[in-house]
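Residue numbers (full-length UniProt numbering): 1 to 446.
Heads up, the thing below is written out as structure tokens.
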Amino acid sequence: MVWIHGGGFTLGHKNQAGSPYDFFNTTTFSSESVAIHDSIIFVALNYRLGAFGFLSTPDNSTDPHPTPNAGLYDQALALNWVSQHIPKFGGDPDRVTVIGESAGASSILHHITSYGGSSSSLNPNSLPRAPFQRAILQSLAFFPAANAGTELEAYDEFLFVAGADTLEELKNKSEEVLISANKLLVSKSPYAQFTFGPTLDNTFIPKPISILLTDGNFWDNNDGIMVAHNSHEGLLFTDIKAVENDDTFATFIRNSLPGLKDEDLEYIVKDLYPLEDGNARVLEKLLRGANATAELSTICNAVYLLDAFGAEESYKYVFAVEPGVHGQDVGFSGKVLPSTEIVAQTLQAYVVGFVKEGDPNRGLIGPEFPVYKDGIVILGSKENGSMIVQEGEVRVEENLNDGKKVEWHAEWKSDWIVNSEKAFANTEVSDIKGKESEIEEKEELR
């Protein structure tokens, strides 16, 4: 089992809270459940983050330019190392499962579609397969780079705050200067966004992920996937001030999708997520934004992947223990309160069964986990909206209909990436000191 940590591609590390390492902590489980964890080797990796891992320019065909998606290449190097060397530790390179949450899950998705898959002419040295056979993707969340102008703006501002005119000058800056510049740019990101992340580069990511999956351009040597999300993924990423009315909600969507066409923006605000009552309560307004964010950043990604792999080779669960916010499920990798112990143990058993045999029902201590075509698993501890789960139990529900909203997102999400207009931001070069106020002034001018 290879763990790729999350953190919005800007923070985190392999030992952070929520790591599946707790699955193998013998103090976590009863003597009966420890046995099902035998014979699994746990591997965790780090990768470059923020500007160090994902600084790029719109035109990466000219030199010099930063290597886009360097953080993903770090991961690929580690995964290939595991394939090559895991036999020395008693492991089987043909039974490698990757597991990741949030940006970690997004990373796995990008590896599944890397180079356009095995049939692509971009495939380096005609690689025969992806360096893993199974994948568990929890809260598969990412916002693709909105457009070429957004990438250039981040690149220019990074040069600006680091006091460099060119990439070569940037390379000669001290570690302290680069770290400070990176922290400043990330701190200036729009609410719940992170500035840096995977971007189209015509090589590792040749096309938008949704297009690659829809066209079948992905590695097909995987034995199966398990996809998961929480019941309220969007809550932590929704600013209540941004969803006060239709105008602020439209701005909220525009900030998330800078290249969105005006007619599509109106359709989202008026038809997909209408505010029926102008005097709606704060909670209703918040859920409006949270639902839009969840479907855009997480649920649509899951639907694309599940559809690509096929409903007979995939599994999906929804983590519905209240409040069901992003990242909550990874806290159930170890010991929990008695009220949710059954949920935690069942989730752990599902995951370990999938890792060992490709079947979450191995060592089953809860209800049978159906393949995606037959249903999904709802994990919860009490009534939670439309998902009813009895206290202290885990229940299998029928496959939820993701509805027209996900289907529509599946159509326009690729469109705004491919057709968005370029926007360029001119910056000047000086020292880091005092850049905070200067950047704020520039943002006001924009």
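Just so you know, even glycine gets a beta-carbon here, dropped at the ideal spot from N, CA and C.
If you're wondering where the values come from, they're calculated on a predicted model, not measured in any experiment.
| Reduced DSSP secondary structure (H/G/I, E/B, other) of Ser314 | strand
| DSSP on Leu185, reduced to helix/strand/coil? | helix
| said: Given a cut-off of 8 angstroms on the beta-carbon distance, is the pair Leu379 and Phe309 in contact? | reply: no
| Assigned secondary structure, Arg281 (DSSP; H/G/I helix, E/B strand, else coil) | coil
| Start and end residues, alpha helix (DSSP H) containing Asn230 | Looking at the DSSP string, Asn230 is not in any alpha helix (DSSP H); the run it does join, the beta strand (DSSP E), is Gly224 to Asn230.
| request: Using only alpha-carbon positions, find the residue among Val330, Leu79, Leu185 and Gly71 that is nearest to Thr199. | output: Gly71
| Proximity winner among Ala76, Tyr317 and Ser114, relative to Asp201 (alpha-carbon distances) | Ser114
| said: Let me make sure I understand the geometry here. Which of Gly324, Ser333 and Asp307 has the alpha-carbon closest to that of Lys373? | reply: Asp307
| task | Could you tell me the distance, in whole angstroms, from the CA atom of Gly375 to the CA atom of Ala302? | result | Distance between the alpha carbons of Gly375 and Ala302: 15 angstroms.
| Quick check: the stretch 282-294 against the stretch 234-249, are there 3 or more CB pairs under 8 angstroms? | yes
| field | Distance between beta carbons of Val325 and Lys285, contact taken as under 8 angstroms | value | About 17 angstroms; that fails the 8 angstroms criterion.
| query | For the putative contact between Ala192 and Leu140, defined by C-beta atoms under 8 angstroms, what is the C-beta separation to the nearest angstrom? | reply | Between Leu140 and Ala192 the Cβ distance is about 16 angstroms, and since that is not below 8 angstroms, they are no contact.
| In or out: Asp22 buried (at least 16 other Cβ within 10 Å) or exposed? | buried
| message | Once DSSP output is grouped into helix, strand and coil, what is the label at Arg134? | response | strand
| said: Tell me the DSSP secondary structure of Leu272 in three-state form. | reply: helix
| request: Name the residue from Val82, Gln133 and Gln75 whose alpha carbon lies nearest to the alpha carbon of His110. | output: Gln75
| said: Less than 8 angstroms between the beta carbons of Phe194 and Gly8, yes or no? | reply: yes
| said: Can you find the residues in the same chain that come closer than 6 angstroms, C-beta to C-beta, to Asn182, ignoring five residues on each side of it along the sequence? | reply: Gly50 and Ala51
| query | Counting along the chain, where does the beta strand (DSSP E) carrying Ala302 start and finish? | reply | Not the beta strand (DSSP E): Ala302 falls in the alpha helix (DSSP H), residues Cys300 to Phe309.
| Below 8 angstroms between beta carbons: does that hold for Arg134 and Asn222? | yes
| task | Can you grab the Cα-Cα spacing for the pair Ile99 / Phe42, in whole Å? | result | Computed Cα separation, rounded: 11 angstroms.
| field | Candidates Ala17, Gln84, Gly6 and Ile40, of which the one nearest Tyr47 by Cα | value | Taking the Cα of Tyr47 as reference, the smallest distance to any Cα among Ala17, Gln84, Gly6 and Ile40 is reached at Gly6.
| task | State the Cα-Cα distance for the pair Ser231 and Glu168, rounded to the nearest angstrom. | result | 46 angstroms
| query | Gln43 lies in the beta strand (DSSP E); which residues open and close that run? | reply | According to the sequence provided, residue 43 is Val. The question's Gln does not apply to it. Looking at the DSSP string, the run of the beta strand (DSSP E) that includes Val43 is Val43 to Leu45.
| said: I believe Phe252 touches Gly197 by the beta-carbon criterion, under 8 angstroms. Please report the beta-carbon distance rounded to the nearest angstrom. | reply: That belief does not hold up - the Cβ atoms of Phe252 and Gly197 are roughly 19 angstroms apart, past 8 angstroms.
| request: Specify the secondary structure class of Glu101 as computed by DSSP and reduced to three states. | output: Looking at Glu101 - three-state DSSP - the assignment turns out to be strand.
| message | Applying the 10 Å Cβ sphere with the 16-neighbour rule, what's the burial state of Pro360? | response | buried
| said: Tell me the rounded alpha-carbon separation between Gln16 and Glu263. | reply: 42 angstroms
| query | In angstroms, rounded to a whole number, what distance separates the CA positions of Val336 and Gln138? | reply | 19 angstroms
| query | What are the residues that DSSP puts in a beta bridge with Phe319? | reply | Bridge pairing for Phe319: Asn230 and Leu379 [DSSP].
| field | Trp81: first and last residue of the uninterrupted beta strand (DSSP E) it sits in | value | Segment Ala70 to His85 is the alpha helix (DSSP H) holding Trp81; no beta strand (DSSP E) there.
| query | With DSSP run on the structure shown, which of helix, strand or coil describes Ile179? | reply | helix
| Looking at the structure shown, is Val355 part of a helix, part of a strand, or coil, going by DSSP? | helix
| Residue span of the beta strand (DSSP E) that contains Ile4, given as start and end | Val2 to Ile4
| Same chain, Cβ closer than 7 angstroms to Ser189, neighbours up to 5 away in sequence not counted | Thr195
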